[in-house]
Structures are given as C-alpha cells and as structure tokens.
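One structure is given below, encoded as structure tokens.
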Amino acid sequence: MKKVKIYVTLRESVLDPQGSAVKGSLVNMGYKEVEDVRIGKYLELLISDTERDIDALVKEMCEKLLANTVIEDYRFEIEEAQ
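If you want the numbering used here, it's the 1-based position in the sequence shown plus 662.
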C-alpha cells in the first residue's frame, strides 16, 4: 500500500484573496515580518497495491479532479504506508 501526499496551490499569477486576508490579519496582530501568504490544499490518499503506474495514476487523478490545472499547480510525494 502507498501513501500519497498531494499539495495543491494557486499559481503565482493568480490572486489569492484568502491569503491576502490572512496576511492582513497576521500583520494587524503584530506579525509585521509576514511578507505574503498563499493558501492551498493538502490531501492524503492511501492507494492499494496495483499493477498500474502510481505516478501516472496520481497525475491523472489530480488533473481530472483534485486540482484545477487552469489556476492551480500540484505536486505529490509517494511513500510506503505504515
């Protein structure tokens, strides 16, 4: 069994209003060192052993459902599940 960790983030060219709001709040709370905040998604999948190529399988899932590839980038890590 494999554990897949997927990180989905907005592309740099896309405005992140949620990140801007969090940055403003942190600065107002006294954390003046914060230069920027970008908000994203983190997903974990457990995938049973398969003959299919795991990299291709995860890429397909990300591009079809888990990430909006028009405005989001994604990356993933695959490891053996405990």
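For every residue, glycine included, the Cβ atom is placed at its ideal position computed from N, Cα and C.
Asked                                                                                                                                                                         : Found
Determine the extent of the beta strand (DSSP E) in which LYS721 is found, giving its start and end residues.                                                                 : Here LYS721 belongs to no beta strand (DSSP E); instead the alpha helix (DSSP H) covers 716-723.
Going by CA-CA distance only, name the one from MET663, ILE668, LEU727 that's closest to ARG737.                                                                              : ILE668
Taking C-beta to C-beta, are LEU707 and VAL676 nearer than 8 angstroms?                                                                                                       : no
Return the chain-ordered list of same chain residues with a C-beta closer than 7 angstroms to the C-beta of LYS703, the five sequence neighbours on each side being excluded. : VAL670
Checking 8 angstroms against the spacing of the C-beta atoms, do ILE740 and ILE701 come in under that value?                                                                  : no
Tell me whether VAL732 is buried or exposed, calling it buried when 16 or more other Cβ atoms sit within 10 Å of its Cβ.                                                      : exposed
Alpha carbon to alpha carbon, how far is ASP735 from ASP711?                                                                                                                  : 26 angstroms
So, for SER682: in the same chain, excluding its five sequence neighbours on each side, which residues have a beta-carbon less than 8 angstroms away from its beta-carbon?    : VAL699
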